Structure formats: structure tokens, C-alpha cells
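> This is the structure, below, for whatever I ask next.
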Amino acid sequence: MRPFKYTRATDVAAAAKTVSTNREAAFLAGGTNLLDLMKEGVAKPSELVDISGLAFSKIRSSGNVISIGSTAKNSDTANHALIRRNFPMLSQAILAGASAQIRNMATNGGNLMQRTRCTYFYDVNMPCNKREPGSGCGAMEGINKGHAIFGWSDKCIATNPSDMSVALMALDAVVKVSGADKKQRSIAFADFHRLPGDTPEKDNTLEPGEMITSIDIPMSSAGMAANSYYLKVRDRASYAFALVSVAAAFEIKGGSVAKARVALGSVSHKPWRCDQAEKLLTGKSLKDLNDASLRAAVDAELMDAKPLEHNGYKVELARRAMVLAFKRALKSEVVA
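Listed below in C-alpha cells is the structure:
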């Protein structure tokens with residue numbers, strides 16, 4: 000680990016200015032991902048600006064949204080009464096992530112900012128366009144069992160590892176950020192993370208120096224609480240990243256699906272919103288929901304999947320996981 004300067008932030012604007020003017024500086028909160036990257040020599044910040052003491056740790060209801068602070072711990076968020084009551088799927092997703100010890104340290108903003116767990120990204124002896132732009136993608140011709148089946152480019156086939164982000168995508172969350180000029184803006188969650196394209200080193204759409212202050216979830220999504228579910232499929236039951244994950248939420252009115260929101264995790268460089276599946280499920284009468292109709296919606300979504308040499312299994316795994324998640328979200332509404 001290279002030497003670095005440590006600064007404890009007491010002011011949002013000053014912290015943002017430091018990181019915007021020094022491109023080798025980075026924000027530090029829980030540090031559960033950044034410190035690992037520094038130890039491995041993947042991240043080499045010259046300065047860490049500790050924002051854990053800033054006033055962004057509250058979880059509260061504000062008007063028509065529930066706002067979760069960026070520096071609130073993952074465990075506190077998952078177990079908060081407002082989240083458990085209104086967005087149980089988000090609690091499920093957070094509690095499915097990492098280990099209890101990590102969730103007790105990791106922050107919500109850091110969860111959104113975490114880097115890919117691609118082994119080629121972590122191995123500084125291997126080429127990786129995300130770590131070193133222009134060096135190539137070791138995973139493309141290597142072992143790509145855990146890599147993307149949607150939205151990848153010839154520059155990067157890595158996946159986003161966050162469980163929390165998959166649920167937030169399905170809940171139509173909004174990310175609030177503040178910059179060095181004190182300018183605040185809101186980013187729709189669907190626009191926060193990026194597909195790799197020609198610049199895979201850019202994970203998100205934040206500008207230099209911008210920090211996440213909160214994540215706002217519209218209360219309209221709370222109407223789906225009774226019919227929502229997060230399913231994570233992984234190699235082992237704890238401390239493992241998803242092979243495929245599914246966040247599914249439905250609003251039921253008058254015996255039909257009024258709204259359907261579905262997102263997949265670990266299949267793309269960003270949480271993958273399942274527009275085609277949602278379209279086919281919305282308006283569907285509950286009496287017409289069965290294995291065949293659910294599979295039809297899933298198949299429409301997976302039609303554009305482009306598996307690689309070693310991850311073709313993800314297509315079938317996603318198919319089965321989506322149908323199971325739909326059934327659990329809809330509970331007894333589905334006819335066998």
C-alpha cells in the first residue's frame with residue numbers, strides 16, 4: 000500500500016473540492032471495498048477524505064419519499080422500521096450481501112460505489128481496461144464464469160456486485176449528490192451506473208468531486224411491499240457474490256398486475272432493469288398468471304442475452320430464478 004494523506008472532512012463543500020481538484024484523492028466512509036483495493040494495489044489514492052462524520056446517516060420519511068443517508072450503515076438500513084415496513088425487498092437484498100461484520104461497517108453510498116469483483120480487475124499482473132485503460136480485458140479470453148451476459152463490450156465484461164443496487168433499481172430510487180460548487184442534483188437510479196462501452200473505468204455518472212448524500216425511494220413503491228421479493232443465487236450461503244439475483248415487485252389492483260418492476264443482478268456492468276418482462280406482466284390478470292405466462296415474460300427478457308464461453312449457464316439460471324422470484328413475490332396468486 001502506497002503512502003497517502005488522510006483528512007477528516009467537516010464540511011461537504013470543502014471535501015468535494017479536495018476530491019475534485021486532486022484526481023488521485025478519494026472519499027472514505029466504511030472503507031470495506033476501498034481499503035481492500037488499496038491493499039491489493041488496485042487503487043492508489045494519494046489522499047483519503049473521510050466523510051463518515053458528515054451528517055448523512057439519517058433514515059427518515061420526507062414528504063412522498065423515504066430518504067436513506069449515504070453514510071448510514073447497511074445493517075442499520077436493512078433493520079430500520081421504515082425500510083422493513085415499506086421496502087422489505089430492500090432489507091432482503093442488503094441482508095443477502097457480504098457478511099454481518101461487513102454490513103456493520105459498510106455504508107449505503109459505499110455500497111453503490113463498490114467496484115467489480117472480477118478477478119482480473121483485482122490481479123494487477125493481468126490486463127484490465129477498468130483498472131488500466133487500454134491494457135486489454137483478461138476475462139474476455141480467460142475464465143469468465145461470473146461475467147456479464149447483458150450490455151458488455153469488447154473492452155469489459157465485468158458485472159456490478161451490489162445486491163442493494165438491484166433492489167434500488169426495481170424501486171425506482173433516486174440518488175442525491177452534492178458537488179464542489181455546492182450544486183446538488185438528482186440522478187435516477189437507472190442512470191447512476193454505466194454500461195462499459197469504450198470507457199469501462201467509469202462505473203457511474205458522478206462528476207469529479209461529487210459525493211452521494213442520500214438515496215431517496217418514492218413512497219409509491221411502498222404499494223408493492225406486500226408483493227415483492229429478492230432472490231440471490233450464489234455458490235455458498237454467506238459471504239459470496241451472486242451468480243444471478245432478482246428483485247421483483249408487483250402492485251396488484253382489481254385482480255390484475257397494475258405495475259411490475261423487475262431487475263437482475265450480476266448479469267451486467269450495472270443492475271439490469273427487465274423492461275420486456277415488466278411489459279408482458281403489467282396488466283396481466285392474476286388468474287392468467289401461471290408457469291407458462293411467467294416463463295413467457297422471462298424468455299422475452301432473456302432473448303437478447305449474449306453469454307460468453309463459460310457463463311452460458313447464467314441464461315438458464317436467470318430464467319429459473321426469475322420465475323421463482325415472481326412466484327414468491329406474488330405468493331399464492333400464481334396458478335401452478
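Residue numbers for the sequence shown follow numbering that gives the first Met the number 0, beginning at 0 and rising by one.
We put the CB at the ideal spot given by N, CA and C, even for glycine.
In this text, all values refer to a predicted model and were calculated from it rather than measured experimentally.
M112: which of Y238, L323, R235 and N203 sits nearest, CA to CA?
Position 113 of the sequence shown, counting from 1, holds the residue named residue 112. Taking only the C-alpha atoms, the option nearest M112 is N203.
> Using a Cβ-Cβ cut-off of 6 Å (strictly less than) and excluding sequence neighbours within five positions of N32, which residues of its own chain qualify?
As a working note, residue 32 is residue 33 in the sequence shown. Contacts found: Q113.
> Which value, in whole angstroms, describes the spacing of the CA atoms of G178 and F325?
Here residue 178 refers to the residue found at position 179 when the sequence shown is read from its first residue. Here residue 325 refers to the residue found at position 326 when the sequence shown is read from its first residue. C-alpha separation (whole angstroms): 39 Å.
> Would you kindly report the start and end of the unbroken alpha helix (DSSP H) that includes F191?
Numbered from its first residue, the sequence shown carries residue 191 at position 192. Taken as a continuous stretch (DSSP letters only), the alpha helix (DSSP H) holding F191 covers F188 to F191.
> What residue range is occupied by the uninterrupted alpha helix (DSSP H) comprising K326?
Within the sequence shown, residue 326 is the residue found at index 327, counting from 1. Looking at the DSSP string, the run of the alpha helix (DSSP H) that includes K326 is Y312 to L329.
> If I'm right that E46 touches K4 with Cβ under 8 Å, what's the distance once you round it to whole angstroms?
To locate residue 46, count along the sequence shown from 1; it is residue 47. To locate residue 4, count along the sequence shown from 1; it is residue 5. Sure, about 4 Å apart at Cβ, within 8 Å.
> Taking just the CA atoms, how far does S292 sit from A320?
Here the question's residue 320 lines up with position 321 in the sequence shown. Here the question's residue 292 lines up with position 293 in the sequence shown. Taking the straight line from one Cα to the other gives about 15 Å.
> Short of 6 Å in beta carbon distance, which residues of its chain neighbour H79, apart from the five on each side in sequence? Order them along the chain.
Counted from its first residue, the sequence shown places residue 79 at position 80. Excluding residues within five positions, the ones whose Cβ falls inside 6 Å are I58.
> Under 6 Å Cβ to Cβ from A166, same chain only, skipping five residues before and after it: list those, please.
Numbered from its first residue, the sequence shown carries residue 166 at position 167. So the list reads M88, L89, A92, Y229 and A246, once near-sequence residues are dropped.
> Using the beta-carbon count (16 or more within 10 Å), is S185 buried or exposed?
Within the sequence shown, residue 185 is the residue found at index 186, counting from 1. So S185 counts as exposed.
> Figure out for me which residue from L53, F26, N21 and P2 has the closest Cα to the Cα of K38.
Locating residue 38 in the sequence shown gives position 39, counting from the first residue. It is P2 whose Cα lies nearest to the Cα of K38.
> When you compare each of G282, S255, A169 and G254 to I216 by their alpha carbons, which one comes out closest?
Working through the sequence shown from its first residue, we reach residue 216 at position 217. The shortest Cα separation from I216 among G282, S255, A169 and G254 belongs to A169.
> Rounded to the nearest angstrom, how far is the Cβ of V297 from that of P306, given a contact under 8 Å?
Position 298 of the sequence shown, counted from the first residue, corresponds to residue 297. Position 307 of the sequence shown, counted from the first residue, corresponds to residue 306. Wrong, their Cβ atoms sit about 16 Å apart, outside the cutoff.
> How would you call A138, buried or exposed, if buried means at least 16 neighbouring beta carbons within 10 angstroms?
Position 139 of the sequence shown, counted from the first residue, corresponds to residue 138. Its Cβ being crowded by 16 or more others within 10 Å, A138 is buried.
> Just the Cα atoms here: how many angstroms apart are L34 and K286?
To locate residue 34, count along the sequence shown from 1; it is residue 35. To locate residue 286, count along the sequence shown from 1; it is residue 287. For L34 and K286, the distance between alpha carbons rounds to 51 Å.
> Over the uninterrupted alpha helix (DSSP H) stretch that includes V165, give me the two end residues.
Translated into positions along the sequence shown, residue 165 becomes position 166. Its alpha helix (DSSP H) spans residues D162 to A169.
> Taking G40 as the reference, which of C273, Y119, A259 and P160 has the closest Cα?
Start at 1 with the first residue of the sequence shown, and residue 40 comes out as number 41. Out of C273, Y119, A259 and P160, Y119 has the C-alpha closest to the C-alpha of G40.
> Evaluate contact between the region 124-141 and the region 96-108, counting only Cβ atoms and requiring at least three cross-stretch pairs below 8 Å.
With the cut-off at 8 Å, the region 124-141 and the region 96-108 do not touch.
> Among S213, S219, P160 and D180, which residue has its Cα nearest to the Cα of E206?
For the purposes of this step, residue 206 is taken as the residue at position 207 of the sequence shown. With distances taken between Cα atoms, E206 lies closest to D180.
> Going by C-alpha to C-alpha distance, which of P270, R260 and A189 sits closest to W151?
As a position in the sequence shown, residue 151 is number 152, starting the count at 1. Ranking P270, R260 and A189 by Cα distance to W151 puts P270 first.
> Span of the alpha helix (DSSP H) holding L81?
Reading the sequence shown from its first residue, position 82 is the one you call residue 81. First-last of the alpha helix (DSSP H) with L81: A80 to N85.
> From which residue to which residue does the beta strand (DSSP E) around G68 run?
Position 69 of the sequence shown, counted from the start, is the residue given in the question as residue 68. Note, G68: beta strand (DSSP E), V64 to G68.
> What does the Cβ neighbour count give for N143, buried or exposed, with the cut at 16 atoms within 10 Å?
Looking up residue 143 in the sequence shown gives position 144. So N143 counts as buried.
> So, I50 versus T20, is the Cβ gap smaller than 8 Å?
Residue 50 sits at position 51 when you count from the first residue of the sequence shown. Residue 20 sits at position 21 when you count from the first residue of the sequence shown. Against a cut-off of 8 Å, the Cβ pair of T20 and I50 comes out as no contact.
> Starting from R294, follow the beta strand (DSSP E) in both directions and report where the run begins and ends.
As a first step, residue 294 is located in the sequence shown; it is residue number 295 there, counting from the start. Where R294 is concerned, there is no enclosing beta strand (DSSP E), although the alpha helix (DSSP H) it sits in stretches over D290 to L301.
> If S255 sits next to K283, beta carbons under 8 Å apart, how far is it from one beta carbon to the other, in whole angstroms?
For the purposes of this step, residue 255 is taken as residue 256 along the sequence shown, with counting starting at 1. For the purposes of this step, residue 283 is taken as residue 284 along the sequence shown, with counting starting at 1. About 6 Å separates the two Cβ atoms, so the contact holds.
> Find out if the Cβ-Cβ distance for the pair R268, P160 is shorter than 8 Å.
Taking the sequence shown and counting its residues from 1, one reaches residue 268 at position 269. Taking the sequence shown and counting its residues from 1, one reaches residue 160 at position 161. Correcting the residue identity first, residue 268 is His in this sequence and not Arg. No, the pair does not count as a contact, with Cβ atoms beyond the cut-off.
> Would a C-beta distance cut-off of 8 Å place G264 and A241 closer than the cut-off?
In the sequence shown, the residue the question calls residue 264 occupies position 265. In the sequence shown, the residue the question calls residue 241 occupies position 242. Closer than 8 Å, so yes.
> Might you give, ordered along the chain, the residues of its own chain that have their beta carbon closer than 7 Å to the beta carbon of A257, omitting 5 neighbours on each side?
Here residue 257 refers to the residue found at position 258 of the sequence shown. Only E250 and I251 meet the Cβ criterion.
> Report the partner residues of A25 according to the DSSP bridge assignment.
Mapped onto the sequence shown, residue 25 falls at position 26. Answer by DSSP bridge pairing, in chain order: L47.
> Enumerate in chain order the residues of its own chain whose CB-to-CB distance from A25 is below 8 Å, with the five nearest sequence positions on each side excluded.
Position 26 of the sequence shown, counted from the first residue, corresponds to residue 25. These residues qualify, in order along the chain: V18, L33, A42, P44, E46, L47 and V48.
> R327: which of T198, D197, Y121 and A224 sits nearest, CA to CA?
The count along the sequence shown starts at 1 and reaches residue 327 at position 328. Residue A224 is the option with its Cα nearest to R327.
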